[in-house]
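Each residue of the sequence shown is one higher than the last, beginning at 1 in full-length UniProt numbering.
The structure under discussion appears below in the form of structure tokens.
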Amino acid sequence: MSEQLVHAGIHDLKRGYIEDPGLETYTCLICGYQTEKGFVYPEGTLFLEAEKAMRRHIEAEHGSMLSYLLSLDKKLTGLTDLQRTLIGLFHQGVSDQDIIAEIDGGSTSTIRNHRFMLREKVKQAKLFLAVMELMEEGGKTTARQPSGTATRAAQAKLPGKLGERLSISNEENAQILGKYFADGLYGPLKSLPKQEKRRVAVLRHLAGEFEEGRKYSEPEVNGLLEARYADYVTLRRLLIEYGFLDRLPDGSEYWVKQPDVNRKGNNDMKNQRRKELVEEYMNTPRPMGVFQIRNKQSGKIYVTSSTNLPGAFNSQKAKLSSDYHVSPALQKDWKTLGEDAFAFEILEELEPDPQAAHDLKQQKIYADKVAQMEKAWMEKLQPFDEKGYNRRPRNK
């Protein structure tokens, strides 16, 4: 889950994207996809302005914000498994009798009671938000003149003070990086450390990807960091907070804040390598195509597609782990057998034009092609009933 999603307002959460007036962009809260004002985005014979193109992206790639939010861990939403199921059915307009059949038990009075309890949660949530906002407003008033202790604590987090609080030997640094960059120092970050010493070591290593004295745009920073870790927004924020990077107030330019003077001997070679890595990443299209989730024991399959296969793999696993997958049969087997009993396998990849791999205007064209590929594989494999987990189309 992205940092932007965590801090988004209710209005933005409902529509699934945020607007940046300064950069004149719209950003998807789920995957980070952006559209920019002043550009048009083709969809078939139509040309869509930036905000409408963003709404179409969310609908095509993520289904709906309701489904995504309900797929989040229950610790985040505060909803039980039954409540999440019922909310989805209520949203679809399913009758109480059909809901009883769907959840395999209960009565119409039970369903009415669940509706009542959900409305009560809405009232409680509104009051809780009001209480918290009033608390925050009071905190700002009393915090205008911080104490000397608070000031010293804040100063202790500045870049120049990190060395006073944290001591990381070369041996420790190597061990930390070896653990969190299991595929090599130029590979992906396995996870973000919670312990501060380890986190600083990882951030210092990632900051080394940026050239000293060069100004970066936010998309360039995002591109470098996303190649290492899916939640690049959090990485970007932490690099700023710990003082490895700095930026203009509007986020239009980023740069290295604390150059490492000990690297001057090999600076030219490392800077050249970084340039090559950036160019390699930016010119490498994200894999897109059709894939299947295969039950290794029964052979049953679930077929789907995406214009971002790594992101789709993570999304499918998140939904299954949160017990909110669109296929009840697949969800049941996953819960019974566990993740290791399933294989994620690519059936066919789409090879986009290398010259336009990240051209936003091409995204809809790629999406249409991937959808046709999925249709062909569905007809070929027939992953329905005893053969698979997909729901058979109604017209068949």
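C-beta atoms are modelled at their ideal positions from N, C-alpha and C, and glycine is treated no differently.
Discussion item. Once DSSP output is grouped into helix, strand and coil, what is the label at residue 390?
Written reply: Sequence index remark: in the sequence shown, residue 390 carries index 390 (1-based). If DSSP states are grouped into helix, strand and coil, residue 390 belongs with the strands.
Worksheet item: For residue 170, does the three-state DSSP call read helix, strand or coil?
Response: Here residue 170 is taken as the residue at index 170 of the sequence shown, counted from 1. Of the three classes helix, strand and coil, the one that applies to residue 170 here is helix, per DSSP.
Worksheet item: Can you name the start and end residues of the alpha helix (DSSP H) that residue 85 belongs to?
Response: In the sequence shown, counting from the first residue as 1, residue 85 sits at position 85. That run of the alpha helix (DSSP H) goes 81 to 92.
Worksheet item: So is residue 399 buried or exposed if we call it buried at 16+ other beta carbons inside 10 Å?
Response: Outside the shown range of the chain (1 to 396) lies residue 399, about which nothing can therefore be said.
Discussion item. Going by beta-carbon coordinates alone, are residue 56 and residue 69 separated by less than 8 Å?
Written reply: Along the sequence shown, one-based indexing puts residue 56 at 56. Along the sequence shown, one-based indexing puts residue 69 at 69. In this structure, residue 69 does not lie closer than 8 Å to residue 56 by Cβ.
Discussion item. Checking 8 Å against the spacing of the C-beta atoms, do residue 5 and residue 29 come in under that value?
Written reply: Numbered from its first residue, the sequence shown carries residue 5 at position 5. Numbered from its first residue, the sequence shown carries residue 29 at position 29. Between residue 5 and residue 29, the C-beta spacing is below 8 Å.
Practice prompt. Let me know the secondary structure DSSP gives residue 10 once reduced to three states.
Written response: Here residue 10 refers to the residue found at position 10 when the sequence shown is read from its first residue. Here DSSP, grouped into helix, strand and coil, assigns residue 10 to helix.
Worksheet item: Closest by CA to residue 180, which one among 168, 202, 169, 196?
Response: As a position in the sequence shown, residue 180 is number 180, starting the count at 1. Of the residues 168, 202, 169, 196, the one whose Cα lies closest to the Cα of residue 180 is 202.
Fill in: residue 250 in three-state terms, based on DSSP
Within the sequence shown, numbered from 1, the residue matching residue 250 stands at position 250. Coil.
Discussion item. Since residue 322 and residue 73 should fall inside the 8 Å C-beta cutoff, what is the C-beta to C-beta distance between them, to a whole number of angstroms?
Written reply: Reading the sequence shown from its first residue, position 322 is the one you call residue 322. Reading the sequence shown from its first residue, position 73 is the one you call residue 73. The pair is a contact, with the Cβ atoms about 6 Å apart (cut-off 8 Å).
Worksheet entry | Beta-ladder partner(s) of residue 288, from DSSP | Residue 288 sits at position 288 when you count from the first residue of the sequence shown. For residue 288, which the question treats as bridged, DSSP gives the partners 350.
Discussion item. By the DSSP assignment, the beta strand (DSSP E) with residue 36 in it spans what residues?
Written reply: As a position in the sequence shown, residue 36 is number 36, starting the count at 1. For residue 36, the uninterrupted beta strand (DSSP E) segment begins and ends at 34 to 36.
Fill in: residue 308 in three-state terms, based on DSSP
In the sequence shown, the residue the question calls residue 308 occupies position 308. Here residue 308 sits in coil by DSSP.
Item to complete: Taking all protein chains shown into account, decide if residue 91 is buried (16 or more other Cβ within 10 angstroms of its Cβ) or exposed.
Response: Translated into the one-based positions of the sequence shown, residue 91 becomes position 91. Looking at its Cβ environment, which holds fewer than 16 other Cβ atoms inside 10 Å, residue 91 is exposed.
Worksheet item: residue 182 and residue 194 look like a contact to me (Cβ under 8 Å); what is the Cβ gap, rounded to whole Å?
Response: Your numbering for residue 182 matches position 182 in the sequence shown. Your numbering for residue 194 matches position 194 in the sequence shown. A Cβ-Cβ separation of about 17 Å leaves residue 182 out of contact with residue 194 under the 8 Å criterion.
Worksheet item: Looking at the structure shown, is residue 4 part of a helix, part of a strand, or coil, going by DSSP?
Response: By one-based count along the sequence shown, residue 4 stands at place 4. In the three-state reduction of the DSSP assignment, residue 4 falls in the helix class, which pools H, G and I.
Discussion item. Cutting at 6 Å between CB atoms, please list the residues of its own chain near residue 98, excluding the five before and the five after it.
Written reply: Taking the sequence shown and counting its residues from 1, the one referred to as residue 98 is at position 98. Excluding sequence neighbours, residue 98 sits near nothing in its chain.
Worksheet entry | Given 8 Å, three or more beta-carbon pairs between the stretch 307 to 317 and the stretch 362 to 379 | Because the criterion of three Cβ pairs below 8 Å is met, the stretch 307 to 317 and the stretch 362 to 379 touch.
Worksheet item: CB-CB under 8 Å to residue 327, same chain, minus the five flanking residues each way: which ones, in chain order?
Response: Locating residue 327 in the sequence shown gives position 327, where the first residue counts as 1. The beta carbon of residue 327 sits closer than 8 Å to those of 302, 389, 390, 391, all from its chain and outside the five residues before and after it, given in chain order.
Item to complete: Measure how close the beta-carbons of residue 248 and residue 235 come, nearest whole angstrom, since I'm counting them as under 8 Å.
Response: Residue mapping note: residue 248 aligns to position 248 of the sequence shown, counting from 1. Residue mapping note: residue 235 aligns to position 235 of the sequence shown, counting from 1. That belief does not hold up - the Cβ atoms of residue 248 and residue 235 are roughly 19 Å apart, past 8 Å.
Practice prompt. Have a look at residue 15 and residue 26 and give me their C-alpha separation to the nearest angstrom.
Written response: Within the sequence shown, the letter at position 15 stands for residue 15. Within the sequence shown, the letter at position 26 stands for residue 26. Rounded to the nearest angstrom, the two C-alpha atoms are 11 Å apart.
Practice prompt. Give me the Cα-Cα distance between residue 238 and residue 200, rounded to the nearest whole angstrom.
Written response: What you label residue 238 is simply residue 238 of the sequence shown in a count that begins at 1. What you label residue 200 is simply residue 200 of the sequence shown in a count that begins at 1. The C-alpha of residue 238 lies about 9 Å from the C-alpha of residue 200.
Fill in: Buried or exposed (CB count within 10 angstroms, at least 16 for buried), residue 121
As a first step, residue 121 must be located in the sequence shown, where it is residue number 121. Residue 121 comes out exposed.
Discussion item. If you reduce the DSSP assignment to three classes, tell me which class residue 55 lands in.
Written reply: What you label residue 55 is simply residue 55 of the sequence shown in a count that begins at 1. Here residue 55 carries a helix assignment [DSSP, helix/strand/coil].
Item to complete: List the endpoints of the continuous beta strand (DSSP E) containing residue 18.
Response: The count along the sequence shown starts at 1 and reaches residue 18 at position 18. In the DSSP annotation of this structure, the continuous segment of the beta strand (DSSP E) that includes residue 18 starts and ends at 17 to 20.
Discussion item. Quick check on residue 383: does DSSP put it in helix, strand or coil?
Written reply: The residue given as residue 383 occupies position 383 in the sequence shown. Residue 383: coil per DSSP, three-state reduction.
Fill in: Residue interval of the alpha helix (DSSP H) (run including residue 336)
Start at 1 with the first residue of the sequence shown, and residue 336 comes out as number 336. Start and end: 328 to 337.
Worksheet entry | Backbone secondary structure at residue 397 - three-state DSSP | In this structure the chain extends from 1 to 396, so residue 397 is not present and cannot be described.
Practice prompt. Buried or exposed for residue 222, please, with buried defined as at least 16 other CB atoms from any protein chain shown within 10 angstroms of its CB.
Written response: Position 222 of the sequence shown, counted from the first residue, corresponds to residue 222. Buried, by the Cβ-count rule.
Discussion item. Suppose you measure from the CA of residue 176 to the CA of residue 243; what does that come to, to the nearest Å?
Written reply: Along the sequence shown, one-based indexing puts residue 176 at 176. Along the sequence shown, one-based indexing puts residue 243 at 243. If you take the alpha carbons of residue 176 and residue 243, they lie about 20 Å apart.
Worksheet item: Within 10 angstroms of its Cβ, does residue 104 collect 16 or more other Cβ (buried), or is it exposed?
Response: Along the sequence shown, read from residue 1 onward, the residue named residue 104 stands at position 104. Counting Cβ neighbours within 10 Å, residue 104 comes out exposed, since fewer than 16 surround it.
Discussion item. Between the alpha carbons of residue 383 and residue 300, how many angstroms are there, rounded?
Written reply: In the sequence shown, residue 383 corresponds to position 383, counting from 1. In the sequence shown, residue 300 corresponds to position 300, counting from 1. Rounded to whole angstroms, residue 383 to residue 300 spans 7 Å at the Cα level.
Item to complete: Could you check what DSSP says for residue 196 in three-state terms: helix, strand or coil?
Response: Position 196 of the sequence shown, counting from 1, holds the residue named residue 196. It is helical.
Worksheet item: In terms of DSSP beta bridges, what is residue 31 paired with?
Response: The count along the sequence shown starts at 1 and reaches residue 31 at position 31. BP columns for residue 31 are empty, so no partner.
Worksheet entry | Beta-carbon contacts of residue 312 that lie in its chain and below 6 Å, excluding the five residues immediately before and after | Locating residue 312 in the sequence shown gives position 312, counting from the first residue. For residue 312, where only same-chain residues beyond five positions count, the Cβ hits under 6 Å are 306.
Discussion item. Please report the straight-line C-alpha distance between residue 38 and residue 79, rounded to a whole angstrom.
Written reply: Counting from one through the sequence shown, the residue named residue 38 turns up at place 38. Counting from one through the sequence shown, the residue named residue 79 turns up at place 79. Distance between the alpha carbons of residue 38 and residue 79: 40 Å.
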